[in-house]
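Report on the following structure.
Residue numbers (our numbering): 16 to 188.
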């Protein structure tokens with residue numbers, strides 16, 4: 016994509032990050048037929064804002080933005096595993112990637128994903144893990160194209176569905 020950069024997120028980006036996250040989740044939850052009441056939770060944007068703010072303030076986590084000119088069109092968060100059963104000495108977690116739906120298919124997610132792989136290599140972590148909503152076929156296909164494979168773990172998700180965990184083995188360079 017022309018005129019796009021990846022950079023560390025700052026507080027100046029917070030509102031735009033929440034907007035990207037909200038638009039992306041609305042699109043994939045609607046596509047996955049999540050009941051409208053769950054998609055349009057009125058307290059959702061405030062919880063997302065608080066969550067992103069905490070993530071950006073945490074020393075052990077990294078939030079990156081994809082900017083096209085001055086507009087945030089994508090966001091990614093990564094860091095140590097959130098669940099204690101994963102070995103933080105060997106595993107890094109991709110907490111989430113979101114791209115504005117109008118910008119899907121333009122390579123933004125791929126650039127953010129490449130930054131995650133670079134993070135794994137720079138920190139000498141051999142495995143990445145991510146959770147995807149089982150009804151988000153688009154996300155699962157994206158991860159599969161980049162070499163991710165389900166590892167058999169799942170946990171409850173919205174609408175009587177599940178989140179599935181996928182892993183990526185990062186070859187040494």
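Idealized CB from N, CA, C, for every residue including glycine.
Values in this document were obtained by computation on a predicted structure and should not be read as measured data.
For residue 163, three-class secondary structure by DSSP: Correct three-state label for residue 163: coil.
Which of helix, strand or coil DSSP assigns to residue 16: Low confidence applies to residue 16: its pLDDT is 48, below 50, so where it sits in the model is not reliable enough to give any reading.
Spatial distance of residue 74 from residue 155 (CA atoms): Cα-Cα distance, rounded: 29 angstroms.
Residue closest to residue 51, alpha-carbon to alpha-carbon, out of 101, 41, 84: Per the Cα distances, 41.
Residue 140 vs residue 91 beta-carbon contact at 8 angstroms: Pairing residue 140 with residue 91 gives a Cβ-Cβ distance that is not under 8 angstroms.
Residue 61 classed as buried or exposed, judged by whether at least 16 other C-beta atoms fall within 10 angstroms: Burial call: exposed.
As assigned by DSSP and simplified to three states, the class of residue 147: Here residue 147 sits in strand by DSSP.
Member of 175, 70, 93, 67 whose CA lies at the smallest distance from the CA of residue 149: Measuring C-alpha to C-alpha distances from residue 149 to each of 175, 70, 93, 67 identifies 175 as the nearest.
Helix, strand or coil at residue 41 according to DSSP, with G and I counted as helix: Here residue 41 sits in helix by DSSP.
Bridge-paired residues (DSSP) for residue 171: Paired residue(s): 177.
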